[in-house]
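Sequence lines, in order, name chains A and B. Residue 2 is where the first sequence starts when you use our numbering, and the numbers rise one by one after that. Residue 4 is where the second sequence starts when you use our numbering, and the numbers rise one by one after that. Virtual Cβ for every residue (Gly too), placed ideally from N, Cα, C. Structure first, commentary second.
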Amino acid sequence: MAAADGEEPGFSKDLLAAHVAGCANCHHELDQLQALDQMLAGHTLSEPRVDLWPAIENRIAKRAIRWQPFALIGLLLVIYKLLEMLPARDPGMAIKLVPLVIVVLLFVLIKENPFRINTELVLER
Amino acid sequence: MDDAGAIKRCQQGDREAFRHLVERYQRRAVGHAVAILFDRDDAEDAVQEAFIDAFQAIGRFDTSRTFYQWFYVLLRNRCYKMTARRRPTENLDDVQLLASQPGMSDETRLALEKALHSLTPEEREIVSLKYFSGLSYDELAVHLQIPRGTVMSRLFNARQRLQRKLMRFERHAETKL
């Protein structure tokens, strides 16, 4: 198949030609492959006229706005936690750190940042 | 503006530079998404989502790949997520997978599209990239992030199924005559 595609087959082309000449099955398969190649040759994927930028820009702007209130709430919570941890007000700092440790452990356990966009390989189903 | 310059500007938050990338690749991306999803609306949705992913992940752009190779991974992730959620399209009338070619009848194109529709999205994807985008085995391995040997076996299986489908259509057409 690789040789028929013009790719390096991994063994001698002469050896392949000699085998195909004497093997009816391979000869038939090669003929069919070439017929399919011929049928598909010259076709290209349709590239329809689209203008997706306005929708994409709109959605990027919406997403950018969406995380800001959460970031603010998060920041306020962190400040509140830090204030709560002041030694003069609360001696049991280790207990107060428990939620933070749980969150860190969760990240370690799932071995993935849930906010990260996957740009890596998706395993085939 | 070349891709490298646009990417650098995008990494500094420049949306206009990103617009440049979207406008350059959107049509090709929709073509590739239609090849996987066989549905124009879903394909446009997947492309939009993938471009938004790209904008958010551009800080981690892999310089060992071209922009489109890197973006294609995001696009196919979006497409396969979508295939898992929806039922395959039954109505082929609204979908044009292949471009009309001068000297080639619409009937031939439609028969080919029908045969391609009967393949799985993974098979259709590899056949489209090989034949209609002209990618070599090595390029397919990079695009699909699979070893070269897997490219060869997957392509072999896809071709066999496509051939069987086309032969069935031919026989069907002959009996009609």
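*asked:* Under 8 Å: do the stretch 36-51 of chain A and the stretch 31-43 of chain B share three or more Cβ pairs, one atom per stretch?
replied: yes
*Which residues, in chain order, does the stretch 14-31 of chain B contribute to contact with chain A at a C-beta distance below 9 Å?*
Arg18, Phe21, Arg22, Val25, Glu26, Gln29, Arg30 and Arg31
*Shorter than 9 Å from the beta carbon of His44 of chain A to some beta carbon of chain B?*
yes
*What does DSSP give as the partner residues of Leu101 of chain B in its beta bridges?*
A:Leu46
*Ordered along the chain, which non-local residues of its own chain (more than five positions away) have a Cβ less than 7 Å from that of Arg126 of chain A?*
The pLDDT assigned to Arg126 of chain A is 45, lower than 50, so where the model puts this residue is not dependable, and the model offers no usable value.
*For chain A, find out if any of its Cβ atoms is closer than 9 Å to the Cβ of His35 of chain B; answer yes or no.*
yes
*Of the choices B:Arg30, B:Ala38 and B:Glu47, whose alpha-carbon is the least far from that of Val130 of chain B?*
B:Ala38
_Expected contact under 8 Å - CB spacing of His44 of chain A and Phe135 of chain B to nearest Å_ = 6 Å
_Pick from B:Thr123, B:Arg68, B:Ala118 and B:Asp97 that is closest to Ala87 of chain B, judged by C-alpha positions_ = B:Thr123
*Contact under 9 Å by Cβ, Ala46 of chain B with Leu77 of chain B*: no
*If you draw a straight line from the alpha carbon of Leu73 of chain A to that of Tyr81 of chain A, how long is it in whole angstroms?*
12 Å
*In terms of residues, what are the limits of the alpha helix (DSSP H) holding Cys13 of chain B?*
Asp6 to Gln14
*Hey, does Val51 of chain A have any beta-carbon neighbour from chain B nearer than 9 Å?*
yes
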